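A.B. asks: Could you have a look at this structure, given as structure tokens, before my questions?
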Amino acid sequence: MFSCCFGNLIPPSRKASSSPPSSTTDVTHRKRHTQAATKRNPRTTSAMGIGRAALTSIAGRPVGPVGFGMLGLTKPWAPVDYPVAIKVMKTALEQGANFWNGGIHYGTPQNNSLHLLKYYFEQYPEDASKVVLSIKGAFNIKTGPDGSPDGIRKSVEGALDVLAGTKSIDVFECARVDPNVPIETSVQALAELVKEGKIGAIGLSEVGPASIRKAHAVHPISAVEIELSLFTPDALTDGVADTCHELGIPIIAYSPISRGWLTGEFRTLDDLPQNDFRRMLPRFQPEVFADNFKLVEAVEQLAKRKGVTTAQVAIGWVRRVGAIPIPGSVRIERVIENTADVELTDDDMLELQKILDTLPIQGQRYGGAQEKLLKA
1 MFSCCFGNLI PPSRKASSSP PSSTTDVTHR KRHTQAATKR NPRTTSAMGI
51 GRAALTSIAG RPVGPVGFGM LGLTKPWAPV DYPVAIKVMK TALEQGANFW
101 NGGIHYGTPQ NNSLHLLKYY FEQYPEDASK VVLSIKGAFN IKTGPDGSPD
151 GIRKSVEGAL DVLAGTKSID VFECARVDPN VPIETSVQAL AELVKEGKIG
201 AIGLSEVGPA SIRKAHAVHP ISAVEIELSL FTPDALTDGV ADTCHELGIP
251 IIAYSPISRG WLTGEFRTLD DLPQNDFRRM LPRFQPEVFA DNFKLVEAVE
301 QLAKRKGVTT AQVAIGWVRR VGAIPIPGSV RIERVIENTA DVELTDDDML
351 ELQKILDTLP IQGQRYGGAQ EKLLKA
């Protein structure tokens, strides 16, 4: 059984496996990316060449420096009422977050990102041309990814049926690489859908450098979505960021606030509801929670000195290393906070680098079968 972010998650063993301390090579690579970011004016360009305060393009469309992740609005255990949800979405767009990232598996078959998007664009049809919409699919919450041509076509056409003409799919991503299907086969199937006008462009999700190159050789890739945050800076050392930079592919950073660690909304495991899916994740297990919270406390000290929130520091770091963060929220005030233009200085970046070097995060990201599908 598989799960993606929530739903039928398989609880990890009570003894969470620890991630090994950063190797000398990893630390060196992270420092190189930090130094590359600090050598450039943070308000004009970043390590990846993406304008921090300017717009970049995805699928030939301009997008703001911060996007909007939709997962939390339709989570099965606490879905947000649609009238409330669309106010949050409208605020995101008004704040310049016009790149929206949803998923067919973000919720239930009867209530997921697509149903909410249809409702939104029925209320605000004039916004359809303003939003650059990325949808993840070709993934079954119980059985895992289906990257076959037939599976991809069914996923895309099913999504279009739900949207019912209210909005086009600007970018489509297979949520995970199917280990049973060559990525070239999956991308070729997506390329056919681009030709047919059913999707605008192709994105990739949770891929490694080799897969990015293979996919890009078949059809231009418009975006690569990965987890990238102060808790998960791996992309800066494993070749993903370097490959995207070389090929000119924008990086979309999901979970930039580290699944809420850097919001300041919880300080102990008891602060999370009993039905919260994060309780099942390795990094939230009792034996590693306190160690992982040390990084939060270190970032809090920097945030306090700057007069900003820890979430703003976290998002600012992602922007400085050259990615487009897509924080999600169910509250308007959080959206405004997350999209604020908070500048991190070169000294701030160096301080954060020291924090990363001295406080390695314990535990895998997902654990179990899901962990095997990461960076495929």
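FYI, in the UniProt record's numbering the residues of the sequence shown are 1 to 376.
Backbone N, C-alpha and C fix where the C-beta goes; we use that ideal spot for every residue, glycine too.
None of these values were measured; they are calculated from a predicted model.
Does the separation of the CB atoms of Gly69 and Gly322 fall below 7 angstroms?
C.D. replies: The sequence position of residue 69 within the sequence shown is 69, counting from 1. The sequence position of residue 322 within the sequence shown is 322, counting from 1. If you check the CB distance, Gly69 and Gly322 do not come in under 7 angstroms.
A.B. asks: Can you name, in chain order, every residue of its own chain whose Cβ lies under 6 angstroms from the Cβ of Ala235, other than the five neighbours on each side?
C.D. replies: As a working note, residue 235 is residue 235 in the sequence shown. Cβ neighbours of Ala235 beyond the five flanking positions: Ile226, Leu228, Ala241.
A.B. asks: Which one or two residues does DSSP pair with Pro325 in a beta bridge?
C.D. replies: Residue numbering aside, residue 325 sits at position 325 when the sequence shown is read from its first letter. Under DSSP, Pro325 takes part in a beta bridge, and its partners are Ala253.
A.B. asks: Rounded to the nearest angstrom, what separates Pro220 and Ile202 at their Cα positions?
C.D. replies: In the sequence shown, residue 220 corresponds to position 220, counting from 1. In the sequence shown, residue 202 corresponds to position 202, counting from 1. Going from the Cα of Pro220 to the Cα of Ile202 covers about 7 angstroms.
A.B. asks: Suppose the cutoff is 8 angstroms on Cβ atoms and the five residues either side in sequence are ignored; what does the same chain contact list for Lys118 look like?
C.D. replies: Counting from one through the sequence shown, the residue named residue 118 turns up at place 118. Val162, Leu163, Ala164, Thr166, Lys167, listed in sequence order.
A.B. asks: What's the gap between the Cα of Gln353 and the Cα of Pro256?
C.D. replies: Mapped onto the sequence shown, residue 353 falls at position 353. Mapped onto the sequence shown, residue 256 falls at position 256. About 16 angstroms.
A.B. asks: Near His115, what residues of its chain come up, given a Cβ to Cβ distance below 7 angstroms and the 5 sequence neighbours on each side ignored?
C.D. replies: Taking the sequence shown and counting its residues from 1, the one referred to as residue 115 is at position 115. Excluding sequence neighbours, His115 sits near Val162.
A.B. asks: Which same chain residues end up closer than 7 angstroms to Val335 when comparing Cβ atoms and leaving out the 5 residues on each side of it in sequence?
C.D. replies: For the purposes of this step, residue 335 is identified with residue 335 of the sequence shown, where counting begins at 1. Contacts found: Val88, Thr91, Ala92, Gln95, Ser329.
A.B. asks: Would you kindly report the start and end of the unbroken alpha helix (DSSP H) that includes Lys90?
C.D. replies: Locating residue 90 in the sequence shown gives position 90, where the first residue counts as 1. Element bounds for Lys90: 82-94.
A.B. asks: So, with DSSP's three-state summary, where would you put Ile336?
C.D. replies: In the sequence shown, counting from the first residue as 1, residue 336 sits at position 336. It is helical.
A.B. asks: Out of curiosity, what's the CA-to-CA distance linking Phe99 and Leu73?
C.D. replies: Numbered from its first residue, the sequence shown carries residue 99 at position 99. Numbered from its first residue, the sequence shown carries residue 73 at position 73. Rounded to whole angstroms, Phe99 to Leu73 spans 16 angstroms at the Cα level.
A.B. asks: Output the distance between the C-alpha atoms of Thr309 and Lys136, rounded to the nearest integer angstrom.
C.D. replies: Position 309 of the sequence shown holds residue 309. Position 136 of the sequence shown holds residue 136. Rounded to the nearest angstrom, the two C-alpha atoms are 30 angstroms apart.
A.B. asks: Measuring CA to CA, which of Ala97, Leu71, Thr232 is closest to Thr56?
C.D. replies: The residue given as residue 56 occupies position 56 in the sequence shown. When each option's Cα is compared against that of Thr56, the closest is Ala97.
A.B. asks: Taking the beta strand (DSSP E) that Arg61 falls in, what are its first and last residues?
C.D. replies: Walking along the sequence shown from the start, residue 61 turns up at place 61. The continuous beta strand (DSSP E) containing Arg61 extends over residues 61-63.
A.B. asks: Quick one: Cα of Ala159 to Cα of Gly144, how far?
C.D. replies: Stepping through the sequence shown from its first residue, residue 159 is reached at position 159. Stepping through the sequence shown from its first residue, residue 144 is reached at position 144. Roughly 18 angstroms separates the two Cα atoms.
A.B. asks: Return yes when the C-beta of Tyr82 is under 6 angstroms from any heavy atom of the ligand SAM, and no when it is not.
C.D. replies: By its list of ligands, the structure shown contains no ligand whatsoever, and the ligand SAM lies outside what it can speak to.
A.B. asks: In chain order, what are the residue ranges of uninterrupted alpha helix (DSSP H) at least 4 long that sit wholly in the region 254-309?
C.D. replies: 286-306
A.B. asks: Note down the Cα distance separating Leu71 from Gly103, rounded to an integer number of angstroms.
C.D. replies: Taking the first residue of the sequence shown as 1, we reach residue 71 at position 71. Taking the first residue of the sequence shown as 1, we reach residue 103 at position 103. In a straight line, the C-alpha of Leu71 is about 7 angstroms away from that of Gly103.
A.B. asks: Judging by CA-CA distance, which residue of Ile324, Gly147, Thr358, Val80 is the nearest neighbour of Asn112?
C.D. replies: One-based indexing of the sequence shown puts residue 112 at position 112. Ranking Ile324, Gly147, Thr358, Val80 by Cα distance to Asn112 puts Val80 first.
A.B. asks: The beta strand (DSSP E) that contains Val224, what's its start and end?
C.D. replies: For the purposes of this step, residue 224 is taken as residue 224 along the sequence shown, with counting starting at 1. Val224 -> beta strand (DSSP E) spans 223-227.
A.B. asks: Measuring straight from C-alpha to C-alpha, what distance separates Arg278 and Val171?
C.D. replies: In the sequence shown, residue 278 corresponds to position 278, counting from 1. In the sequence shown, residue 171 corresponds to position 171, counting from 1. Cα to Cα, Arg278 sits roughly 28 angstroms from Val171.
A.B. asks: Grab me the residues of Tyr120's own chain with a C-beta within less than 7 angstroms of its C-beta, minus the 5 sequence neighbours each way, in chain order.
C.D. replies: By 1-based counting over the sequence shown, the position of residue 120 is 120. Ile86, Met89.
A.B. asks: Report, in whole angstroms, the separation of the C-beta atoms of Ala215 and Val187, which I expect to be a contact under 8 angstroms.
C.D. replies: As a working note, residue 215 is residue 215 in the sequence shown. As a working note, residue 187 is residue 187 in the sequence shown. Contact flag correct, Cβ pair sits at about 5 angstroms.
A.B. asks: Using DSSP's beta-bridge definition, name the partner residues of Leu133.
C.D. replies: Here the question's residue 133 lines up with position 133 in the sequence shown. The partner list for Leu133 (beta bridge, DSSP) reads Trp100.
A.B. asks: Return the first residue and the last residue of the alpha helix (DSSP H) that Ala215 is part of.
C.D. replies: Residue 215 sits at position 215 when you count from the first residue of the sequence shown. Segment 209-218, the alpha helix (DSSP H) holding Ala215.
A.B. asks: How is Thr358 classed by DSSP in three states: helix, strand or coil?
C.D. replies: If you number the sequence shown from 1, residue 358 lands on position 358. If DSSP states are grouped into helix, strand and coil, Thr358 belongs with the helices.
A.B. asks: Keeping to the same chain, check which residues put their C-beta closer than 7 angstroms to that of Pro286; ignore five residues upstream and five downstream.
C.D. replies: For the purposes of this step, residue 286 is taken as residue 286 along the sequence shown, with counting starting at 1. In chain order, Leu269 place their CB closer than 7 angstroms to the CB of Pro286, counting only its own chain and leaving out the 5 sequence neighbours on each side.
A.B. asks: For Asn111, which residues does DSSP report across the bridge?
C.D. replies: Stepping through the sequence shown from its first residue, residue 111 is reached at position 111. Note: Asn111 sits in a beta bridge opposite Thr108.
A.B. asks: On a Cα-Cα basis, can you pick out the residue from Thr237, Gly197, Leu190 that is closest to Leu356?
C.D. replies: Sequence index remark: in the sequence shown, residue 356 carries index 356 (1-based). That would be Thr237, whose Cα lies nearest to the Cα of Leu356.
A.B. asks: Taking the straight line between their C-alpha atoms, what separation do you get for Thr185 and Ala175?
C.D. replies: To locate residue 185, count along the sequence shown from 1; it is residue 185. To locate residue 175, count along the sequence shown from 1; it is residue 175. A direct Cα-Cα distance of roughly 15 angstroms separates Thr185 from Ala175.
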